[in-house]
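Letter by letter, the sequence shown follows residues 407 to 783 in the numbering used here.
Where is the CB? At the ideal position from N, CA and C, for every residue including glycine.
The structure appears right after this line, and notes come after that.
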Amino acid sequence: MNPRPFRRAAVSLGIAVATLTAAVATPAYARPDHVASAAVAASPVFAIVDGVARQVAVADRSALGRLGVSAAKGPVDLLAAGVDGRLAGDLRAANQRLLIAKGLPGHTGSLLRLRLAHPDMRAALARGESPLVAAAPTDDSATSVNAYDRFGRTVVLDAARVPQRPVLVVDVDTERALSVGLTLMREELGARGIDRAASARPASRASAAGVTASAGYWATKVDAVRLDDDKEPWIKGAAEIYNLVAGFGLDGKVKVDLVQMPYLDHAGTTYYPNQLLVHFSSYKYNLADVVMMEDDGDTNYSALVKAIAGALLVIVDGGAYTPLVNAILDALPASWYTDDPDFVDAWYTLSTASSGRKYGAGANGWMDVSRYWVEQL
Numbered sequence: 407m408n409p410r411p412f413r414r415a416a417v418s419l420g421i422a423v424a425t426l427t428a429a430v431a432t433p434a435y436a437r438p439d440h441v442a443s444a445a446v447a448a449s450p451v452f453a454i455v456d457g458v459a460r461q462v463a464v465a466d467r468s469a470l471g472r473l474g475v476s477a478a479k480g481p482v483d484l485l486a487a488g489v490d491g492r493l494a495g496d497l498r499a500a501n502q503r504l505l506i507a508k509g510l511p512g513h514t515g516s517l518l519r520l521r522l523a524h525p526d527m528r529a530a531l532a533r534g535e536s537p538l539v540a541a542a543p544t545d546d547s548a549t550s551v552n553a554y555d556r557f558g559r560t561v562v563l564d565a566a567r568v569p570q571r572p573v574l575v576v577d578v579d580t581e582r583a584l585s586v587g588l589t590l591m592r593e594e595l596g597a598r599g600i601d602r603a604a605s606a607r608p609a610s611r612a613s614a615a616g617v618t619a620s621a622g623y624w625a626t627k628v629d630a631v632r633l634d635d636d637k638e639p640w641i642k643g644a645a646e647i648y649n650l651v652a653g654f655g656l657d658g659k660v661k662v663d664l665v666q667m668p669y670l671d672h673a674g675t676t677y678y679p680n681q682l683l684v685h686f687s688s689y690k691y692n693l694a695d696v697v698m699m700e701d702d703g704d705t706n707y708s709a710l711v712k713a714i715a716g717a718l719l720v721i722v723d724g725g726a727y728t729p730l731v732n733a734i735l736d737a738l739p740a741s742w743y744t745d746d747p748d749f750v751d752a753w754y755t756l757s758t759a760s761s762g763r764k765y766g767a768g769a770n771g772w773m774d775v776s777r778y779w780v781e782q783l
């Protein structure tokens, strides 16, 4: 299996970048060059999830058996799985640490999930084979996976080959984390004076005869999108894709829309969403930039929004469009480009006239786009 491997642009150094329009003088790049030699600290999210994996592995055999049966049917919410005693308390405490590590509020709820690593393992689990338990890694280049047996001993597995023995994987509910995280980011950006373009007031479109037609605004629609395949380890779980769409408002201040792409389940597959990505409802310039990101479990949303807001608030409109991708990428922690990358790709200077196939600056994917008039009811 190879779920959602979207990260080649984040780990390839010195990527050549597509040429910008002649009006834009600022050089573009797919990722900051200065992170090549940066020291990377171990992911706090992985440390928490790995600890939970060991605790689940050494749980009472009957409890582990029930969890295995449930996980074979689909992902299990560990805090709602009905485990008793010390394990239940340990799981609640771990979930609280996980919320802090991801910069999410306490009302987010449970983020700890348990799933079967591969569908082919169902038969062995049904035969009563004792499963190993492992944590979903954040290192995309890992060549081995550390799992735990029922005695808490480490069993090293090949990351490239699906094991015969069943493996239960503890990971983060990234769908819930992203939903809450983007709400937090929108609120924080708004509080800091960075508004959304999508919430702006529609303008009027003039007809060819000069008569004002229906009110609305131009947008860029994604007709098709495809990301490249990196051959991730079999144990990796699903990530959640979202975009930071940035441009200058009529007041000269940066505006940012956060746009999810929940349908992007697999790299190497073309999707046809017909989704509006850029809303030019209140832009000063007929240009906007897109930075595609993912949450594969380790994103700290509180740190992310502070970094992005801090970088964008100091940008002053100089009377000509300045690409905003560079400022966003420079603001991201160095670790997001190495062992646990959350950056996928970037698209510079989309406009209301953009159409056809647009390749990402990091050569990690493409989008087929077209102009779309959003008419006011």
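- Relative to Asn680, the option among Arg467, Ser516, Ser776 whose CA is nearest is Ser776.
- Membership of Asp748 in any alpha helix (DSSP H) is not indicated, and neither H nor E is assigned to it by DSSP.
- Considering only Gly766, Asp490, Gly762, the residue with the shortest C-alpha distance to Arg467 is Asp490.
- Sequence-distant partners of Glu535 (beyond 5 residues in either direction) whose C-beta falls short of 7 Å from its own C-beta, in its chain, are Arg571, Pro572.
- The C-beta distance from Val451 to Thr544 rounds to 7 Å, short enough to fall under 8 Å.
- Listed in chain order, the non-local C-beta contacts of Val458 below 8 Å within the same chain comprise Leu484, Asp496, Leu497, Ala500, Leu518, Ala541, Val576, local neighbours out to five positions each way being set aside.
- The segment 587-594 and the segment 702-713 touch, with three or more beta-carbon pairs separated by less than 8 Å.
- Rounded to whole angstroms, the Cβ separation of Ala621 and Gln782 is 4 Å, and the two are in contact under 8 Å.
- Taking a contact to require three or more Cβ pairs closer than 8 Å, the segment 681-696 and the segment 747-764 qualify as touching.
- In this structure, Ala548 lies away from Val561, with their beta-carbon atoms at least 9 Å apart.
- Nearest to Ala673 by C-alpha distance, out of Arg503, Phe749, Arg567, Asp634, is Asp634.
- Counting of Cβ neighbours within 10 angstroms places Phe749 among the buried residues, the total reaching 16 or more.
- DSSP lists Val780 as the bridge partner or partners of Tyr623.
- Per DSSP, the continuous beta strand (DSSP E) segment holding Arg521 begins and ends at 518-522.
- With fewer than 16 other beta carbons inside 10 angstroms of its own, Ser550 counts as exposed.
- Nearest neighbour of Leu656 by Cα position, chosen from Gly768, Ser688, Val568, Leu664, turns out to be Ser688.
- Linking Ala733 to Asp564 through their CA atoms gives a straight-line distance of about 39 Å.
- Assigned with DSSP and collapsed to three states, Met591 falls in helix.
- Here the alpha carbons of Ala566 and Pro639 stand approximately 6 Å from one another.
- DSSP lists Ile647 as the beta-bridge partner residues of Glu700.
- In this structure, Arg521 lies near Val482, with their beta-carbon atoms less than 9 Å apart.
- The residue from Leu738, Leu719, Gly724 with its alpha-carbon nearest to that of Asn706 is Leu738.
- Under the three-state reduction of DSSP, Leu656 is assigned to coil, being neither helix nor strand.
- Its Cα nearest to that of Arg598, the residue Leu719 stands out among Leu730, Leu719, Leu473.
- In the structure shown, Tyr689 adopts extended strand secondary structure according to DSSP, grouped into three states.
- The bridge partners DSSP lists for Ser757 come to none.
- In its own chain, leaving out the 5 sequence neighbours on each side, no residue places its CB closer than 7 Å to the CB of Ala532.
- Under the DSSP assignment, Ala565 falls outside any alpha helix (DSSP H); it carries neither an H nor an E label.
- Taking Arg632 as reference, the option from Ser476, Gly474, Val462, Met773 with the minimal CA-CA separation is Met773.
- The beta-carbon distance between Ile641 and Leu670, rounded to whole angstroms, is 20 Å. This is too long to meet the 8 Å contact definition.
- Going by C-alpha positions, Asp704 is about 11 Å away from Ile506.
- In the displayed model, Ser547 falls within coil according to three-state DSSP, outside both helix and strand.
- In the DSSP assignment, Ala541 falls within the unbroken beta strand (DSSP E) covering 538-541.
- Counting along the chain, no alpha helix (DSSP H) covers Asp577; the unbroken beta strand (DSSP E) around it starts and ends at 573-578.
- Look at Gly762 here: in three-state DSSP terms it is strand.
- By the beta-carbon neighbour count (other beta carbons within 10 angstroms, threshold 16), Trp624 is buried.
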